[in-house]
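Visitor: The sequence shown begins at 0 in numbering that gives the first Met the number 0 and counts up by one.
Even glycine gets a Cβ: it sits at the ideal position worked out from N, Cα and C.
Here the structure is a predicted model, which means the values were calculated and not measured.
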Amino acid sequence: MKKVALITGITGQDGAYLADLLLKKDYLVHGIKKTFIQF
0 MKKVALITGI
10 TGQDGAYLAD
20 LLLKKDYLVH
30 GIKKTFIQF
């Protein structure tokens, strides 16, 4: 069974690096990004 990781800010520099690292270690990776809303 694969380990699962949830990364917040996956589109940022650190999040992208962490996602790549965990995918190479055979993790199932889910990511959350913040949507910019302009008022």
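(1) Residues in the same chain with beta-carbon distance under 6 Å from Gly8, minus the five sequence neighbours each way, listed in chain order, please.
(2) Tell me the rounded alpha-carbon separation between Tyr26 and Lys1.
(3) Tell me which residues share the same chain as Leu17 and place their Cβ nearer than 7 Å to its Cβ, disregarding the 5 neighbours each side in the sequence.
(4) Tell me Leu5's beta-bridge partners as DSSP assigns them.
(5) What are the boundary residues of the alpha helix (DSSP H) that Lys23 is part of?
Guide: From the atom records:
(1) Gly14
(2) 6 Å
(3) Ile6
(4) His29
(5) Gln12 to Lys23
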